[in-house]
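Single-structure report; data block below.
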Amino acid sequence: MLPEKGWTRNNVLFVGGLLFALFQLVVPVFVHLIEIQLRAIHVLIGVSLAFLAYPAGRSAAGPRLTLWDGLLIAVIVASNLNILLKAMDIYYQPGTAGDVDLALGFAMFVLILEAARRTMGLTVLLLLLALIAYIFLAPWFPGIWQMKRLSWNFLINSVYYSPRGIYGSVTGMSATFISMFVLFGAVLSVTGAGRTFIDIALALTGRFTGGPAKTAIVASTMFGSISGSAV
4 MLPEKGWTRN
14 NVLFVGGLLF
24 ALFQLVVPVF
34 VHLIEIQLRA
44 IHVLIGVSLA
54 FLAYPAGRSA
64 AGPRLTLWDG
74 LLIAVIVASN
84 LNILLKAMDI
94 YYQPGTAGDV
104 DLALGFAMFV
114 LILEAARRTM
124 GLTVLLLLLA
134 LIAYIFLAPW
144 FPGIWQMKRL
154 SWNFLINSVY
164 YSPRGIYGSV
174 TGMSATFISM
184 FVLFGAVLSV
194 TGAGRTFIDI
204 ALALTGRFTG
214 GPAKTAIVAS
224 TMFGSISGSA
234 V
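Mapping the sequence shown onto my numbering, position 190 (from 1) lands on 193, and the numbers just tick up by one.
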């Protein structure tokens, strides 16, 4: 464990979450970043917060940040800073990762899997490992399941050192639209506005036949009127 004096895990998590929210609100609007740079910062903060919120095990679940988790977060920072600094090279020369890039990419790849295990459970990790195993065992599969074996270099270049994979369009959606809705929903929840919408909808429609469905429609309509979303 880190020394008892200083910030606790919750302190760091709070500050990290606040910085994450400010980044998502301010940077995409007022700061010009290449897409992959925006996504790299999004991944950097998001995965780091996951390691803070979900410690390695029960023995590490105390109020203090463990040295092990601190080291893993440092690797996450280094891997994503590498993408930030080499963004233009990645766009103009994709698939040309050097030895350091491959090492950082492999580390980031493993840490993404570990973050998935911590946040979503062992089942998701086993599914991901099965898909990764298929990449290397595919030459021995029968029929349409057979394909040429891919190398680790190709995998890391595709997943890490490119504007696809970890930093692809799905991450782009998360770094722009999805994060805005998550933050907006959190504000509504904390301020009680979300509950107010539901109470108003219940008062208007709850006594009628099919009340729950009508309540959901009215509450969603009121939320859509201020969010600008048709969902």
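Each residue gets a CB set at the ideal place from its N, CA and C atoms; glycine is no exception.
Item	Value
Would the beta-carbon of residue 43 fall within 7 angstroms of that of residue 83?	yes
Could I get the ranges of all uninterrupted alpha helix (DSSP H) runs contained in the region 104-179, with 4 residues as the minimum, in chain order?	125-140, 155-162 and 172-176
Can you tell me whether residue 45 is helix, strand or coil according to DSSP?	helix
With 16 as the cutoff for other CB atoms within 10 Å, does residue 162 come out buried or exposed?	buried
Whole angstroms are fine: how far does the CA of residue 146 sit from the CA of residue 195?	57 angstroms
Mapping DSSP to helix, strand and coil, what is residue 198?	helix
Residue range of the alpha helix (DSSP H) that residue 31 falls in?	12-33
Restricting to Cα atoms, I'd like to know which of 116, 37 and 167 is closest to residue 129.	116
Would you be able to state if there are at least three C-beta pairs under 8 angstroms between the region 49-58 and the region 108-127?	yes
State the Cα-Cα distance for the pair residue 58 and residue 214, rounded to the nearest angstrom.	43 angstroms
Counting C-beta neighbours from all protein chains within 10 Å, is the total for residue 35 16 or more, i.e. buried, or is it exposed?	exposed
Name the two residues that bound the continuous alpha helix (DSSP H) containing residue 77.	70-88
Tell me the DSSP secondary structure of residue 57 in three-state form.	coil
Just how far apart, CA to CA, sit residue 187 and residue 143?	49 angstroms
Comparing alpha-carbon positions, which option in 25, 98, 18 and 139 lies nearest residue 168?	98
Please confirm whether residue 224 and residue 205 have their CB atoms less than 7 angstroms apart.	no
Short of 7 angstroms in beta carbon distance, which residues of its chain neighbour residue 200, apart from the five on each side in sequence? Order them along the chain.	222, 225 and 226
Look up residue 8 in the DSSP assignment and say whether it is helix, strand or coil.	For residue 8, the pLDDT reaches just 47, beneath the cut-off of 50, and the residue's location in the model is therefore unreliable, although a value from the coordinates is still provided. In the structure shown, residue 8 sits in coil (DSSP, three-state: anything other than H, G, I, E or B).
Candidates 37, 12 and 153: which alpha carbon is nearest residue 178's?	37
Please return the same chain residues whose Cβ sits closer than 7 angstroms to the Cβ of residue 19, not counting the five positions on each side in sequence.	48, 51, 52 and 55
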